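A.B. asks: Mind having a look at this structure? Questions to follow.
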Amino acid sequence: MSIETQMLTLMINGKQVGPVAVPVGMPMIDFLHDYLNLTGTHFGCGQGICHACTIMELHADGSSTELRTCIFDAHFFNGKSIRTIEGHATHGPTGEVTAITPVQKAFIDHFSFQCGYCTPGFVAGATVFMERLQREPVKRSDLESAIEDALNDHICRCTGYVRYYEAVRDLALATPGCVVD
Numbered sequence: 178m179s180i181e182t183q184m185l186t187l188m189i190n191g192k193q194v195g196p197v198a199v200p201v202g203m204p205m206i207d208f209l210h211d212y213l214n215l216t217g218t219h220f221g222c223g224q225g226i227c228h229a230c231t232i233m234e235l236h237a238d239g240s241s242t243e244l245r246t247c248i249f250d251a252h253f254f255n256g257k258s259i260r261t262i263e264g265h266a267t268h269g270p271t272g273e274v275t276a277i278t279p280v281q282k283a284f285i286d287h288f289s290f291q292c293g294y295c296t297p298g299f300v301a302g303a304t305v306f307m308e309r310l311q312r313e314p315v316k317r318s319d320l321e322s323a324i325e326d327a328l329n330d331h332i333c334r335c336t337g338y339v340r341y342y343e344a345v346r347d348l349a350l351a352t353p354g355c356v357v358d
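So the sequence shown is numbered by my numbering: it starts at 178 and just counts up by one.
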């Protein structure tokens with residue numbers, strides 16, 4: 178018995194991947210882990226509820242959206258451009274991290290995470306949110322509810338969310354153009 182495969186080609190973290198033969202029905206998280214050794218995206222619930230496995234889809238217009246890799250097959254991403262947690266920081270020629278993103282820095286500065294299992298999904302979600310704020314700023318009075326709306330589906334069992342939300346709030350307030358009075 179042979180496993181049915183289809184060719185898959187996409188951009189991951191700015192690099193062309195494929196074409197590569199991938200089993201039909203393979204979840205994207207398994208493709209990332211097993212084919213590319215990109216293990217920073219974490220498998221949580223397997224039902225798309227916890228958002229630990231969230232990555233970003235990058236669109237041609239410069240916007241991005243969140244997608245969960247446990248509920249979408251790898252072939253759903255064919256022809257798309259995505260960013261995993263490994264693609265957020267800037268890396269030097271030998272792979273060392275040379276700079277982290279403002280979202281990553283805010284999470285570290287606020288000690289936002291404990292075990293870190295949910296952090297890759299929160300980084301993706303917060304990054305999508307911050308990019309949206311730069312295009313569509315919110316009133317200062319609406320910022321807290323906008324953060325809750327953006328990150329509400331991300332589940333963290335350790336921190337109670339307060340530090341994640343504080344980090345995003347402080348980053349939004351410190352980033353010109355994200356919040357209007």
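Think of the CB as a built atom: it goes at the ideal place given N, C-alpha and C, for glycine as much as any other residue.
None of the values given here were measured: they were computed from a predicted structure.
Report yes if the CB atom of Glu243 is closer than 7 Å to the CB atom of Val305, and no otherwise.
C.D. replies: yes
A.B. asks: Report buried or exposed for Glu263, applying the criterion of at least 16 other Cβ atoms within 10 angstroms of its Cβ.
C.D. replies: buried
A.B. asks: Considering only residues of the stretch 209-277, which uninterrupted beta strand (DSSP E) runs meet the minimum length of 3 residues and lie entirely inside it, listed in chain order?
C.D. replies: With a minimum length of 3 residues, the continuous beta strand (DSSP E) runs that stay inside the stretch 209-277 are 231-235, 241-245, 258-260, 274-276.
A.B. asks: So, are the CB atoms of Glu234 and His287 less than 7 Å apart?
C.D. replies: no
A.B. asks: Looking at C-beta atoms only, is the number of pairs between the stretch 250-264 and the stretch 202-209 that lie closer than 8 Å three or more?
C.D. replies: yes
A.B. asks: Just to check my reading of the structure: Thr186 and Leu215 have Cβ atoms closer than 8 Å, yes? What is that Cβ distance to the nearest angstrom?
C.D. replies: 16 Å between Cβ atoms; not a contact.
A.B. asks: Comparing the C-beta of Phe249 with each C-beta of chain B, is any distance below 7 Å?
C.D. replies: Reference to chain B is not applicable here, since this structure consists of a single protein chain.
A.B. asks: Identify which residue in Gly298, Asp347, Asp319, Val357 has its Cα closest to the Cα of Asp330.
C.D. replies: Gly298
A.B. asks: Closest to Thr278 by CA distance: which of Phe290, Lys257, Gly272, His265 is it?
C.D. replies: His265
A.B. asks: Can you round the beta-carbon distance between Phe290 and Thr336 to whole angstroms, since I take them to be within the 8 Å contact cut?
C.D. replies: 6 Å
A.B. asks: Out of Asp347, Ile332, Ala276, which one is the CA nearest neighbour of His228?
C.D. replies: Ile332
A.B. asks: Quick check: what's the CA-CA separation for Tyr212 versus Arg317?
C.D. replies: 44 Å
A.B. asks: With Gln291 as the anchor, note down where its alpha helix (DSSP H) starts and where it stops.
C.D. replies: From DSSP, Gln291 is part of no alpha helix (DSSP H); its letter is neither H nor E.
A.B. asks: Please return the same chain residues whose Cβ sits closer than 8 Å to the Cβ of Ile324, not counting the five positions on each side in sequence.
C.D. replies: Phe306, Tyr342, Val345, Arg346, Ala349
A.B. asks: Buried or exposed, going by whether 16 or more other CB atoms sit within 10 Å of the CB of Thr182?
C.D. replies: exposed
A.B. asks: Compute the Euclidean distance between the alpha carbons of Phe254 and Gly302, then round it to the nearest angstrom.
C.D. replies: 18 Å
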